[in-house]
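Trainee: Supplied in C-alpha cells, the structure appears directly below.
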Amino acid sequence: MKADIRVALVGNPNTGKSTLFNILTGLNQKIGNFPGVTVDKRVGYCTLPDGRTAEIIDLPGTYSLYPKSQDESIVFSVLADKANPHCPDLVIVIIDATNLKRNMLLYTQVADLKIPVMIALNMTDLTEKAGIDININLFSKKLGVPVIPISARKKEGIDKIRESISFANKIALQQPSIDVNFIAPELIAAISDYLHLDNPYYALQLAHQHENIKFISQAESDRIEELEQAYAFHSQKAQASETIARYNFINDLLFDTVKTPLIPQGETISNKIDKVLTHKVFGFVIFFAILLFMFQSIFSWSTYPHDLIADLFVWVQNSLHKILPAGPLTGLLVDGVLGGLSGVMVFIPQIAILFAFISVLEDTGYMSRVTFMMDKLMRKVGLNGKSVVPLIGGFACAVPSIMGARTIENWKDRMITIMVTPLVTCSARLPVYTLLIALVVPNRNVWWILNLQGLALTGMYVFSLVSAIIVAFVFKLILKARERGYFIMEIPIYRLPRWKNVGFSMYERSKTFVVQAGKVIIAVSVILWVLASYGPGDHFKQIDLKYAKPEMSKQYPPDELKRIKNSEKLENSYAGVLGHVIEPVIKPLGFDWKIGIALITSFAAREVFVGTMATIYSVDGDAERIEPVQQKMKAAVDPSTGQPEFSLAVAFSLMMFYAFAMQCASTVAVVYRETKSWRWPAIQFAYMTVLAYAASFIAFHLLK
Numbered sequence: 002m003k004a005d006i007r008v009a010l011v012g013n014p015n016t017g018k019s020t021l022f023n024i025l026t027g028l029n030q031k032i033g034n035f036p037g038v039t040v041d042k043r044v045g046y047c048t049l050p051d052g053r054t055a056e057i058i059d060l061p062g063t064y065s066l067y068p069k070s071q072d073e074s075i076v077f078s079v080l081a082d083k084a085n086p087h088c089p090d091l092v093i094v095i096i097d098a099t100n101l102k103r104n105m106l107l108y109t110q111v112a113d114l115k116i117p118v119m120i121a122l123n124m125t126d127l128t129e130k131a132g133i134d135i136n137i138n139l140f141s142k143k144l145g146v147p148v149i150p151i152s153a154r155k156k157e158g159i160d161k162i163r164e165s166i167s168f169a170n171k172i173a174l175q176q177p178s179i180d181v182n183f184i185a186p187e188l189i190a191a192i193s194d195y196l197h198l199d200n201p202y203y204a205l206q207l208a209h210q211h212e213n214i215k216f217i218s219q220a221e222s223d224r225i226e227e228l229e230q231a232y233a234f235h236s237q238k239a240q241a242s243e244t245i246a247r248y249n250f251i252n253d254l255l256f257d258t259v260k261t262p263l264i265p266q267g268e269t270i271s272n273k274i275d276k277v278l279t280h281k282v283f284g285f286v287i288f289f290a291i292l293l294f295m296f297q298s299i300f301s302w303s304t305y306p307h308d309l310i311a312d313l314f315v316w317v318q319n320s321l322h323k324i325l326p327a328g329p330l331t332g333l334l335v336d337g338v339l340g341g342l343s344g345v346m347v348f349i350p351q352i353a354i355l356f357a358f359i360s361v362l363e364d365t366g367y368m369s370r371v372t373f374m375m376d377k378l379m380r381k382v383g384l385n386g387k388s389v390v391p392l393i394g395g396f397a398c399a400v401p402s403i404m405g406a407r408t409i410e411n412w413k414d415r416m417i418t419i420m421v422t423p424l425v426t427c428s429a430r431l432p433v434y435t436l437l438i439a440l441v442v443p444n445r446n447v448w449w450i451l452n453l454q455g456l457a458l459t460g461m462y463v464f465s466l467v468s469a470i471i472v473a474f475v476f477k478l479i480l481k482a483r484e485r486g487y488f489i490m491e492i493p494i495y496r497l498p499r500w501k502n503v504g505f506s507m508y509e510r511s512k513t514f515v516v517q518a519g520k521v522i523i524a525v526s527v528i529l530w531v532l533a534s535y536g537p538g539d540h541f542k543q544i545d546l547k548y549a550k551p552e553m554s555k556q557y558p559p560d561e562l563k564r565i566k567n568s569e570k571l572e573n574s575y576a577g578v579l580g581h582v583i584e585p586v587i588k589p590l591g592f593d594w595k596i597g598i599a600l601i602t603s604f605a606a607r608e609v610f611v612g613t614m615a616t617i618y619s620v621d622g623d624a625e626r627i628e629p630v631q632q633k634m635k636a637a638v639d640p641s642t643g644q645p646e647f648s649l650a651v652a653f654s655l656m657m658f659y660a661f662a663m664q665c666a667s668t669v670a671v672v673y674r675e676t677k678s679w680r681w682p683a684i685q686f687a688y689m690t691v692l693a694y695a696a697s698f699i700a701f702h703l704l705k
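Each residue of the sequence shown is one higher than the one before, starting from 2 at the first, in our numbering.
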C-alpha cells in the first residue's frame, strides 16, 4: 500500500506506544505490560480525516537514542538514515504524563535530530486522578510542537492524533533543547565538515554510534574513529554531560508547566500489592500456585470442547466414508488429511486457555514482577532478570521469545538465554503431553481439588524450567565474556487486563497455531498416508492372498481379520520399512517403529507427532469404525508382549524425549537469524538431541 505520509511512533517502554499503534492501524499487535514486547519495527496503515493514507511504524521502546540492546539500536537507525525505506516524515513521541521527567529525555534527543515531531501525552486520565496539573498550551508553546493529550487504553484523543498527522509540518519547527556544541565542539565541527552535515547533534550521535550503524561506510566509520582519537573524545563522559544538560532543560520546562499536589499521596496500591506478590518467600509460592492453577485449568476447562471437537471429526470422517466411494482418494482425504488434522485440532481449547493466561499475566503487569523476583536466582546460573521474559514467553512459543532476548544488554546473558529457551515447554508440546498423560495418568482428583493429570502436566512445565536453569549454569561455565551484566527494568503499575486484548490474543495465537501447524501436518499427513498405504515389491498382493484363504476366515472373526491384515500391510509399507530401519536405535527408549516414524516427522514441528499417530492408526484401523486418536492409541497392543503399546514407561519416556529434543525447524531458523551463525543452532540441536536420548533412556528403564 502506498502511503502519503510516513509516521514513526517512538517512546519509552510502558508508555502505551503499541496500544496507540493498534488503535491507529486497526491491526491486532501483541501488547504486553512489560518492557521488550516490541522487538522489531512494525508497520500498519491509517486513513486520515482528509482521505490521505499514513504509514505508521511502531519502533521498539527505548529510554534513549543511545542503545543498550539490539532492539533499541533500531530506533536511531530508522530515524537517522535518510535512505532507510522506513525513515519517517513525522515522529510521534508517546509520553507517559505521570512520568514526564523520565520520558522527556528521549523526546529532547529525537527533537534535536530535526525531524518534524509531535507529542502524544498519554495517560492524562491518571494525572487527573493524581492531582497533577499540566498546562498543555504552555508546554506546547515552550517546545514548539503540537501536544495532544490522550488515553490510549480508553481510546480518548485518537481523532485529534489523526487530525494532527493531517496538518503536520514537513519542516521541523521544534525549539532546540540544548546546544550540544559545548560537549565536543572541534569533533562535531570536523565530522560535520567531513560528511557535509548541518545538524551538530546528528554529528555527535555518529561520533557515539559509528561502529554499530550500517548506513555509513567502513571508510567513513574509520575516519570518524581517527577524528575521535585526534580530539580525545570520551563517549561515556560526553553522554553524561549531555544527559545532565538535558535534565536541566527538562527541570526548567516542568517547573513552568506542571503543578503537582503538595500533600503526599501515601503509598500506592501497586506498592501495597507488591509487598505480597514480590515477597522473597511468598512471592515464589504465589508464582508456583499461579502456574499450578494454569495447568489444572488447561485440563479441566478444556475437557468439554476437546471432546466436542473430537466427536465432530469422528462424525465427519464416518460421514465421508459413507458418502464417498471407496478408493485411494477417499483414503487419502479421510484417513490421511482429516485423520492427521484431527489429532491436533482437538487441542485448540488447551492452546487457547494457555494463551489467555499468558496474556492476562502480561497485561496486568505481573510478568514484570516475576522478572524482578527471578533476577537474583537467574544471576547465579548465568542469566539475568530480563531472561525470565523469554523463558516464560517460551510457554507460548520459542520463536518470538528468542527474538525477545534482544532486550538483554549483555552478550553472554543473551546467548545463554537463546540457547536454553527452547527447553521451556512451548504450546507445540502441549498436544503431545496432554495426549500421553491422558493415556497413562488416571483422571481423578487428589486432595479434592487437584487433578492427577493436571499435576502431571504442571510437573512437565516445572521440569522444563528447572532443566533450562541447570543447562544455563553449564553454559555459564563454558561461555567466556569480560562484559558484566546488569539489570535495569521499569516496574509498571498494576492494571486490569483488557479483556478484548485477551480475547484477540487467544484468537490470533490459536489461529497462528492452527495455520502453521496445519500446513505442516497436511503435508506430512499426505506423504505419510502414501508411504503407509503402499509398499515395495508385491508384499501387499501377497498379504491379500494370504488373508483371502478360507482357513483365515475360519480362524478369525471378520473385524479381527481386517484389523490384522491392515496391521501387517502397514508393517510392510514404505513407512513400516523406514520405521524398522530406525527401530534398533530407539528400541532402548521403549519405542517401536510406529513411534519412530512419528519422531522423524515431528522434527519439522513437535505437534506433528499427534497428527502422525492419528494418520498411522487411521491407516492401521478399520475404515468403517473411526475413533479419536486417543482411543486408538489406548487400545493398541504390543503383539510381542500382549501388553498396551503405550505403557507408563513408554509414555513418560516419550515425554522426556519431547521435553529436550530440538524438534522445530522455525526455532533453528530464528536462532541462526539472531546469532548470524550456523554454529549456535548446530550446538543447540546437538546438545538437545543428546539430552533427549539420555533422559528418555533413563525414564524408560526406571519406570518399566
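For each residue, glycine too, the CB sits at the ideal point set by N, CA and C.
1) Taking only three categories from DSSP, how would you classify valine 79?
2) Opposite arginine 43 in the DSSP bridges: which residues?
3) Grouping DSSP H, G and I as helix and E and B as strand, with all else coil, what is glutamate 187?
4) In angstroms with no decimal places, state the Cα-to-Cα distance between arginine 370 and isoleucine 492.
5) Alpha carbons only, please: which of Tyr46, Gly17, Gly12 and Asn13 is nearest the one belonging to leucine 25?
6) Mind checking arginine 53: buried by the 16 CB within 10 Å criterion, or exposed?
7) Among Leu579, Arg430 and Lys323, which has the Cα closest to the Cα of alanine 662?
8) For valine 8 versus isoleucine 166, is the C-beta distance shorter than 8 Å?
9) Decide if threonine 39 is buried, meaning its Cβ has at least 16 other Cβ atoms within 10 Å, or exposed.
10) Apart from the five residues just before and just after phenylalanine 604, which ones in its own chain have a Cβ nearer than 6 Å to its Cβ?
11) Within the same chain, show all residues whose beta-carbon is closer than 6 Å to that of asparagine 525, passing over the 5 residues directly before and after it, in chain order.
12) I think isoleucine 470 touches valine 382, with their Cβ atoms under 8 Å apart; what is that distance to the nearest whole Å?
13) According to the Cβ coordinates, are phenylalanine 701 and glycine 591 closer than 8 Å?
14) Please list the terminal residues of the continuous alpha helix (DSSP H) segment that includes proline 682.
15) I need the boundaries of the alpha helix (DSSP H) containing methionine 119, first residue and last residue.
16) With 8 Å as the threshold, decide whether the Cβ of phenylalanine 541 is near any Cβ in chain D.
17) Hey, could you find the ends of the beta strand (DSSP E) valine 8 is sitting in?
18) Quick one: residues in its chain with C-beta nearer than 6 Å to the C-beta of glycine 37, no 5 flanking neighbours on either side, listed in chain order?
19) Are phenylalanine 216 and alanine 84 closer than 8 Å when you measure CB to CB?
20) In angstroms, rounded to a whole number, what distance separates the CA positions of serine 697 and alanine 660?
21) Is there contact between the stretch 177-188 and the stretch 196-214, where contact requires at least three CB pairs shorter than 8 Å?
22) Comparing alpha-carbon positions, which option in Val111, Leu440, Ala473 and Ser468 lies nearest alanine 457?
23) Just list the beta strand (DSSP E) runs in the stretch 427-490, keeping only unbroken ones of 3 residues or longer that don't cross its boundaries, in chain order.
24) Tell me whether glutamate 410 is buried or exposed, calling it buried when 16 or more other Cβ atoms sit within 10 Å of its Cβ.
25) What is the rounded straight-line gap between the Cα of phenylalanine 541 and the Cα of asparagine 573?
26) Serine 428: buried (16+ other C-beta within 10 angstroms of its C-beta) or exposed?
27) In whole angstroms, give me the CA-to-CA distance for tryptophan 316 and proline 306.
28) Please list the terminal residues of the continuous alpha helix (DSSP H) segment that includes isoleucine 352.
29) Which same chain residues end up closer than 6 Å to alanine 246 when comparing Cβ atoms and leaving out the 5 residues on each side of it in sequence?
30) What is the DSSP secondary structure of isoleucine 32, counted as helix, strand or coil?
31) Give me the Cα-Cα distance between serine 218 and histidine 197, rounded to the nearest whole angstrom.
32) In three-state terms, what does DSSP make of aspartate 193?
33) To the nearest angstrom, how far is the alpha carbon of threonine 99 from that of phenylalanine 256?
34) Under a three-way DSSP split, which group does glycine 37 fall into?
35) Considering only residues of the same chain and omitting the five flanking positions on each side of lysine 792, which have a CB-CB separation below 6 Å?
36) Rounded to whole angstroms, how far is the Cβ of tyrosine 462 from the Cβ of phenylalanine 358, which I believe are closer than 8 Å?
Mentor: Quick answer:
1) Helix.
2) Per DSSP, Asp59.
3) Here glutamate 187 sits in helix by DSSP.
4) So the alpha carbons of these two residues sit roughly 7 Å apart.
5) Measuring from the Cα of leucine 25, the nearest candidate turns out to be Tyr46.
6) The residue in question, arginine 53, is exposed, as its Cβ has fewer than 16 Cβ neighbours within 10 Å.
7) Here the closest residue by C-alpha is Arg430.
8) Cβ atoms of valine 8 and isoleucine 166: closer than 8 Å.
9) Here the model assigns threonine 39 a pLDDT of 44, short of 50, so the residue's position is not dependable, and the following value carries that caveat. Buried.
10) Taking phenylalanine 604 as the centre and dropping the five residues before and after it, the same chain places the C-beta of Gln664 closer than 6 Å to its C-beta, in chain order.
11) The amino acid occupying residue 525 in the given sequence is valine; asparagine does not appear at that position. Exclusion of the five residues before and after valine 525 leaves Thr602 and Val609 as the residues of its chain whose Cβ lies within less than 6 Å of its Cβ.
12) The Cβ separation is near 5 Å, so the contact holds.
13) In this structure, the beta-carbon distance from phenylalanine 701 to glycine 591 falls below 8 Å.
14) Unbroken alpha helix (DSSP H) run through proline 682: 680-704.
15) From DSSP, methionine 119 is part of no alpha helix (DSSP H) but of the beta strand (DSSP E) over 118-123.
16) Considering every chain present, this structure includes no chain D. It has just one protein chain.
17) Taken as a continuous stretch (DSSP letters only), the beta strand (DSSP E) holding valine 8 covers 6-12.
18) Unreliable placement is indicated for glycine 37, whose pLDDT of 44 sits below 50; the coordinate value is still reported in the next sentence. Closer than 6 Å at Cβ, skipping near neighbours: Val390, Gly405 and Thr408.
19) Yes, Cβ-Cβ distance for phenylalanine 216 and alanine 84 is below 8 Å.
20) Roughly 9 Å separates the two Cα atoms.
21) Per the Cβ contact rule, the stretch 177-188 is in contact with the stretch 196-214 (3 or more Cβ pairs under 8 Å).
22) Checked all of Val111, Leu440, Ala473 and Ser468; the closest Cα to alanine 457 is Leu440.
23) Listed in chain order, nothing qualifies, since the stretch 427-490 has no complete beta strand (DSSP E) run of 3 or more residues.
24) Burial check for glutamate 410: the Cβ neighbour count within 10 Å reaches 16 or more, so the residue is buried.
25) Taking the straight line from one Cα to the other gives about 8 Å.
26) A residue is called buried when at least 16 other Cβ atoms come within 10 angstroms of its Cβ; serine 428 meets this threshold and is buried.
27) Cα to Cα, the separation comes out at about 15 Å.
28) Unbroken alpha helix (DSSP H) run through isoleucine 352: 349-365.
29) In chain order, Ile179 place their CB closer than 6 Å to the CB of alanine 246, counting only its own chain and leaving out the 5 sequence neighbours on each side.
30) Legend: pLDDT at isoleucine 32 = 43, less than 50; position of this residue unreliable, value from coordinates given subsequently. Note: isoleucine 32 maps to coil in three-state DSSP.
31) One alpha carbon belongs to serine 218, the other to histidine 197, and they sit about 15 Å apart.
32) The displayed chain sequence assigns serine, not aspartate, to residue 193. It is helical.
33) The alpha-carbon of threonine 99 is positioned some 15 Å away from that of phenylalanine 256.
34) Caution is warranted here: a pLDDT of 44 is assigned to glycine 37, below 50, making its placement in the model unreliable, and no coordinate value can be reported.
35) The question about residue 792 has no answer here: the residues shown for the chain are numbered 2 through 705.
36) 12 Å between Cβ atoms; not a contact.
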